[in-house]
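Written below as structure tokens is the structure these notes are about.
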Amino acid sequence: MIEGVGVDIVEVERIKRLYEKFGEKFLNRVFTEFEIQYSLSRSNPFPHLAARFAAKEAVIKALKGADGLNIKAIEVLNNEKGAPEVKVAGLDKKFFLSISHEKKYAIAFVVVTSNKEE
């Protein structure tokens, strides 16, 4: 059963400016170690960071705000085929995630369902 959907779009340049202003402090406040390493391993990390930021915001929207949820509890991973997946610490929910980015923008769309079979 679908419990919520969320979508978010992020300007890549905004993430770059935040990194330039706050550096590692910004990264460590928002992203997990895996997300940081994955993104920084790319020739241009900012579209990848922006896509992960958008995914985290889309998850929060899909959970209808999720009061008290720490943004770092939301982690964007890649499955064995490289497709993005999202996990949220402490939640027994199933998330379906699609992300995309290009030069100026990154977008994420999330569907959350109960983890119970119905």
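Numbering (the numbering used here), first residue to last: 17 to 134. Just so you know, even glycine gets a beta-carbon here, dropped at the ideal spot from N, CA and C.
7 angstroms Cβ cutoff met for residue i and residue j
i	j	result
residue 26	residue 66	yes
residue 70	residue 124	yes
residue 91	residue 48	yes
residue 87	residue 46	yes
residue 63	residue 28	yes
Status (buried if at least 16 other CB within 10 Å, exposed otherwise) for residue i
i	result
residue 72	buried
residue 43	buried
residue 55	buried
residue 115	buried
residue 102	buried
Inter-residue spacing [alpha-carbon to alpha-carbon] between residue i and residue j
i	j	result
residue 79	residue 37	30 angstroms
residue 119	residue 60	10 angstroms
residue 110	residue 131	5 angstroms
residue 51	residue 100	11 angstroms
residue 95	residue 104	15 angstroms
residue 33	residue 81	26 angstroms
residue 17	residue 39	40 angstroms
residue 35	residue 112	28 angstroms
residue 121	residue 57	20 angstroms
residue 19	residue 93	22 angstroms
residue 84	residue 53	26 angstroms
residue 117	residue 74	15 angstroms
residue 68	residue 30	13 angstroms
For residue i: DSSP bridge partner residues
i	result
residue 126	22 and 113
residue 27	121
Contained alpha helix (DSSP H) runs [length at least 4] in the stretch 35–113, N- to C-terminal order
40–46, 49–56 and 61–78
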